[in-house]
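Residues 1356 to 1598 (this note's numbering) make up the sequence shown, in order.
Ideal Cβ placement from N, Cα and C applies to all residues, glycine included.
All figures in this text were calculated on a predicted structure; none of them were measured in a lab.
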Amino acid sequence: MIEFRGVTKTYNAGQPAVEDLDLEIGEGEIVALVGTSGCGKTTTLKMVNRMVEPDRGEVRVQGKSVMEMDPISLRRSIGYVIQEIGLFPHWRVAANIEAVPKLLGWEAGRRMERRDALLRMVGLEPSAYASKYPDELSGGQRQRVGFARALAADPSILLMDEPFGALDPITRRRLRAELGSLCRQLKKTVLFVTHDPVEALLLGDRIAVMDAGRLCQVGTPRQIRGQPASELVRELMTIEAPA
Ligand SMILES: Nc1ncnc2c1ncn2[C@@H]1O[C@H](COP(=O)(O)OP(=O)(O)OP(=O)(O)O)[C@@H](O)[C@H]1O
Ligand SMILES: [Mg+2]
1356 MIEFRGVTKT
1366 YNAGQPAVED
1376 LDLEIGEGEI
1386 VALVGTSGCG
1396 KTTTLKMVNR
1406 MVEPDRGEVR
1416 VQGKSVMEMD
1426 PISLRRSIGY
1436 VIQEIGLFPH
1446 WRVAANIEAV
1456 PKLLGWEAGR
1466 RMERRDALLR
1476 MVGLEPSAYA
1486 SKYPDELSGG
1496 QRQRVGFARA
1506 LAADPSILLM
1516 DEPFGALDPI
1526 TRRRLRAELG
1536 SLCRQLKKTV
1546 LFVTHDPVEA
1556 LLLGDRIAVM
1566 DAGRLCQVGT
1576 PRQIRGQPAS
1586 ELVRELMTIE
1596 APA
């Protein structure tokens, strides 16, 4: 479970990036975070693993304030997928994926088994890709390795920032379906950012819409589509048909 209680973050003196946020992501729930560029989505995500610390309010993970946890072990316990993936460039794909399990003391056999299963899940044949370096991969392949790395230590909480951005429609649909059923099956608690209404509607148990640092509506896909609280919500959730 992830809880935001009256959370505010202002970077420099000025408009808060996130203001008075109250939001709860229940155990095993998937919440999609949507909103226009700069509205505070990434900031919200980063406050969960303490990459950003709030000025006011409290963020709780599994019932405990993140400010009372060791930031390093907090981060190791949460899977984090970002668009600018952040793989270690001098480490092979295998080492990148095994990084957290290794830090957690998994023995080599278990790590390799897990790594290969994840590589297959994201559609990269281990024998061809495990020994490559990140710069030998395409952007979409790196993104898929990023997924595998985030899931490696089997975290119960996943944060994903536009995770399907650099993928072609086929890979995107496949990974989305795969990840969705994996998260449901394993009861992962997920907060993910997307600009794609289809993705939010398909994956989210609930959708949270932000505008200028404030949460303007939270609800099930049906509620958000059926009773959008504002014109902005309606527009953000409009699925564009080709002309
Ligand atoms: N490290 C930082 N220092 C100063 N201001 C920042 C920093 N990070 C974000 N901001 C500002 O805070 C606001 C919210 O940024 P944030 O990255 O959370 O937006 P976002 O909703 O993720 O946008 P996008 O959809 O473009 O990724 C923006 O106005 C941004 O300029
Ligand atoms: Mg962002």
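How about residue i: is its Cβ closer than 7 angstroms to a heavy atom in ligand 2?
{"i": "T1397", "result": "yes"}
{"i": "L1564", "result": "Checking the sequence, you will find Val at residue 1564 rather than Leu. V1564: no, Cβ never under 7 angstroms from ligand 2."}
{"i": "V1548", "result": "yes"}
From the options, pick the residue whose C-alpha is nearest to that of residue i; which is it?
{"i": "I1437", "options": "F1547, W1446, R1415 and L1558", "result": "F1547"}
{"i": "V1403", "options": "V1553, D1509 and V1362", "result": "V1362"}
{"i": "S1482", "options": "R1405, A1463 and A1449", "result": "A1449"}
{"i": "T1575", "options": "P1552, A1567 and D1566", "result": "P1552"}
{"i": "G1478", "options": "G1434, I1525 and V1421", "result": "I1525"}
{"i": "E1384", "options": "R1528, R1539, F1359 and M1515", "result": "R1539"}
{"i": "M1476", "options": "I1452, E1586, A1555 and R1447", "result": "I1452"}
{"i": "G1393", "options": "A1567, H1445 and A1521", "result": "A1567"}
{"i": "F1366", "options": "R1561, T1544, A1503 and M1406", "result": "A quick correction: the sequence has Tyr, not Phe, at residue 1366. Among R1561, T1544, A1503 and M1406, the Cα nearest to that of Y1366 is on M1406."}
{"i": "E1382", "options": "E1533, V1545 and P1518", "result": "V1545"}
{"i": "P1510", "options": "E1468, G1494, L1459 and F1519", "result": "L1459"}
{"i": "E1554", "options": "A1532, D1410, K1542 and A1505", "result": "A1532"}
{"i": "R1470", "options": "F1502, D1516 and I1380", "result": "F1502"}
{"i": "D1410", "options": "P1597, K1364 and G1495", "result": "K1364"}
With H, G and I counted as helix, E and B as strand and the rest as coil, what does DSSP make of residue i?
{"i": "A1596", "result": "coil"}
{"i": "G1535", "result": "helix"}
{"i": "E1408", "result": "coil"}
{"i": "A1483", "result": "helix"}
{"i": "M1402", "result": "helix"}
{"i": "S1428", "result": "helix"}
{"i": "T1526", "result": "helix"}
{"i": "E1379", "result": "strand"}
{"i": "L1541", "result": "coil"}
{"i": "D1560", "result": "coil"}
{"i": "R1499", "result": "helix"}
{"i": "L1514", "result": "strand"}
{"i": "D1471", "result": "helix"}
Hey, is residue i close to ligand 3, as in C-beta under 7 angstroms from one of its heavy atoms?
{"i": "D1516", "result": "As far as ligands go, the structure on display features ligand 1 and ligand 2 and does not contain ligand 3."}
Within the present structure, is the beta-carbon of residue i separated from the nearest heavy atom of ligand 1 by less than 7 angstroms?
{"i": "C1571", "result": "no"}
{"i": "Y1435", "result": "no"}
{"i": "C1394", "result": "yes"}
{"i": "Y1484", "result": "no"}
{"i": "G1390", "result": "yes"}
{"i": "N1367", "result": "yes"}
{"i": "A1507", "result": "no"}
{"i": "A1372", "result": "yes"}
Do residue i and residue j have their CB atoms nearer than 8 angstroms?
{"i": "C1357", "j": "I1512", "result": "Note on residue identity: the sequence assigns Ile, not Cys, to residue 1357. Yes. Within cutoff."}
{"i": "G1624", "j": "L1558", "result": "A query on residue 1624 cannot be resolved here, the shown segment of the chain reaching from 1356 to 1598 and no further."}
{"i": "R1589", "j": "P1583", "result": "yes"}
{"i": "G1395", "j": "A1368", "result": "no"}
{"i": "R1447", "j": "K1419", "result": "no"}
I'd like the list of long-range same chain contacts for residue i, defined as Cβ closer than 8 angstroms, with 5 residues on each side in sequence excluded.
{"i": "L1570", "result": "L1376, D1377, L1378, A1563 and V1564"}
Spatial neighbours of residue i within its chain, please: CB distance less than 6 angstroms, with the 5 preceding and 5 following residues excluded, ordered by chain position.
{"i": "V1455", "result": "R1431, A1507 and A1508"}
{"i": "P1426", "result": "R1405"}
{"i": "R1466", "result": "E1453 and P1456"}
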